[in-house]
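Under full-length UniProt numbering, think of the first position of the sequence shown as 1, with each following residue one higher.
Quick reminder that beta carbons are idealized off the backbone N, C-alpha and C, glycines included.
Here's the structure, in structure tokens; my notes come after.
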Amino acid sequence: MNWRPTIQSTLKALLYLLPAFAVIGVFTVYPLFKSLELSFFTEYDYFKDIVYATGWGNYAAVLHDPDFWLAMRNTLLFVVGGVPVSVALSLLIALMLNANIRFRGLFRTVYFLPYVTSLVAVAVVWQWIYHRDYGILNYFLGWLGIDPVSWLNTPQLSIPALVLMSIWKSLGYNIIIFLAGLQTIDKQYEQAASVDGANYGRRLWHIVLPLLSPTTFFVTVVSAISSFKVFDEVYALFGGGGGKAGPSDSALTIVFYVFRKFYAEWDFGTAAAASYLMFIVIALITALQFYIGKKKVHY
């Protein structure tokens, strides 16, 4: 007997969903529209809620601001430098943890710990790792005959230092997702290929990686979006409370630029405009990823 929804059952379902819709509407949808409206307020008294002028002036101001383009450059460097390495390293570790090794559960827990650890605590640890005189990183470089490096005070090294910490922080989440994807692959495929004489490398390249491509695609998209939104790492690692993102703003990112415009300079309209420009960039890159994914991902 085929069940068909009735008006009563539909209303009951909507009633169950109403609290969730209310929360999303109040805390997500409404702020989105208000911030979009705010981005067009070129002259606005925030505290009196009086608009004196509107237009595209905030967007023009952002696009003509050298700091915005510095933030865009640093953000793109962070994404390009961090996402491929993070995805590849996470996949490699997940493949090793998926094998039948001793203490596999312990290793999974250890790798996941950084993801659930407070970012402030992580940043404090990495500040000591990067310390010029007492940092363990410079200690290892000393073994190679390299002089101590001031990682957090050298503008050219701010983004690499940020990328390295962020890769370490995000590994746990990516590894768990890859492990979940690996465990959904039917072992019979590999067993059949093994019977036919395929070695591990061939099984990995022709069976595991193609079947894992949806998971790889998901991890790549999520990692790219998260990297574009990087803020906490900059604030915690470089102590951005004064509105500065590293030496000479060398670690300035788009979200930190928005934060500084809003909270340090009280330029609310410009901050809103910059955030929507960032949204457009993320949307375009995500659309490109989905376009490529249609051709490369095997479902």
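> In this structure, what does DSSP give as the bridge partners for Y44?
Replying inline: The residue labelled residue 44 in the question sits at position 44 within the sequence shown. The partner list for Y44 (beta bridge, DSSP) reads V51.
> Three-state secondary structure (DSSP) at W205?
Replying inline: By 1-based counting over the sequence shown, the position of residue 205 is 205. If DSSP states are grouped into helix, strand and coil, W205 belongs with the helices.
> Out of F218, V80, Y189, which has the shortest C-alpha to C-alpha gap to W205?
Replying inline: For the purposes of this step, residue 205 is taken as the residue at position 205 of the sequence shown. For the residues F218, V80, Y189, the minimum Cα distance to W205 belongs to Y189.
> If A264 and F68 are in contact, beta carbons under 8 Å, what's the gap, nearest whole angstrom?
Replying inline: Your numbering for residue 264 matches position 264 in the sequence shown. Your numbering for residue 68 matches position 68 in the sequence shown. Contact flag wrong, Cβ pair sits at about 15 Å.
> What are the complete alpha helix (DSSP H) segments, minimum 4 residues, inside the stretch 233-267?
Replying inline: 254-259
> So does the stretch 83-91 actually touch the stretch 167-183, counting three or more Cβ pairs closer than 8 Å?
Replying inline: yes
> Would you call the CB atoms of T253 and V281 closer than 7 Å?
Replying inline: Working through the sequence shown from its first residue, we reach residue 253 at position 253. Working through the sequence shown from its first residue, we reach residue 281 at position 281. Their beta carbons are not under 7 Å apart, which means T253 does not touch V281 by this criterion.
> Does DSSP put K229 in a helix, a strand or coil?
Replying inline: Locating residue 229 in the sequence shown gives position 229, counting from the first residue. K229 falls in the coil class under three-state DSSP.
>> As a quick exercise: from A251, F238, N98, pick the residue whose alpha carbon is nearest that of V125.
In response: What you label residue 125 is simply residue 125 of the sequence shown in a count that begins at 1. Of the candidates A251, F238, N98, the one whose C-alpha sits nearest the C-alpha of V125 is F238.
> Can you give the beta carbon distance from V51 to F228, rounded, assuming they're within the 8 Å contact cut?
Replying inline: If you number the sequence shown from 1, residue 51 lands on position 51. If you number the sequence shown from 1, residue 228 lands on position 228. With 8 Å as the limit, V51 and F228 do not qualify as a contact, their Cβ atoms being about 30 Å apart.
>> Going by C-alpha to C-alpha distance, which of V258, Y291, S158 sits closest to P247?
In response: Taking the first residue of the sequence shown as position 1, residue 247 is located at position 247. Out of V258, Y291, S158, S158 has the C-alpha closest to the C-alpha of P247.
> Does the beta-carbon distance from P214 to V297 come in below 7 Å?
Replying inline: Counting from 1 along the sequence shown, the entry for residue 214 is found at position 214. Counting from 1 along the sequence shown, the entry for residue 297 is found at position 297. Yes, Cβ-Cβ distance for P214 and V297 is below 7 Å.
>> Let me make sure I understand the geometry here. Which of Y59, D45, K48, D249 has the alpha-carbon closest to that of Y276?
In response: Here the question's residue 276 lines up with position 276 in the sequence shown. For Y276, the nearest C-alpha among the options comes from Y59.
>> Which of the three DSSP states is assigned to T6 in this structure?
In response: Within the sequence shown, numbered from 1, the residue matching residue 6 stands at position 6. Note: T6 maps to coil in three-state DSSP.
> To the nearest angstrom, how far is it from the Cα of G172 to the Cα of V222?
Replying inline: If you number the sequence shown from 1, residue 172 lands on position 172. If you number the sequence shown from 1, residue 222 lands on position 222. G172 and V222: Cα-Cα distance of roughly 14 Å.
> Under 7 Å between the Cβ atoms of L179 and A94?
Replying inline: Taking the first residue of the sequence shown as 1, we reach residue 179 at position 179. Taking the first residue of the sequence shown as 1, we reach residue 94 at position 94. Yes, the Cβ-Cβ distance between L179 and A94 is below 7 Å.
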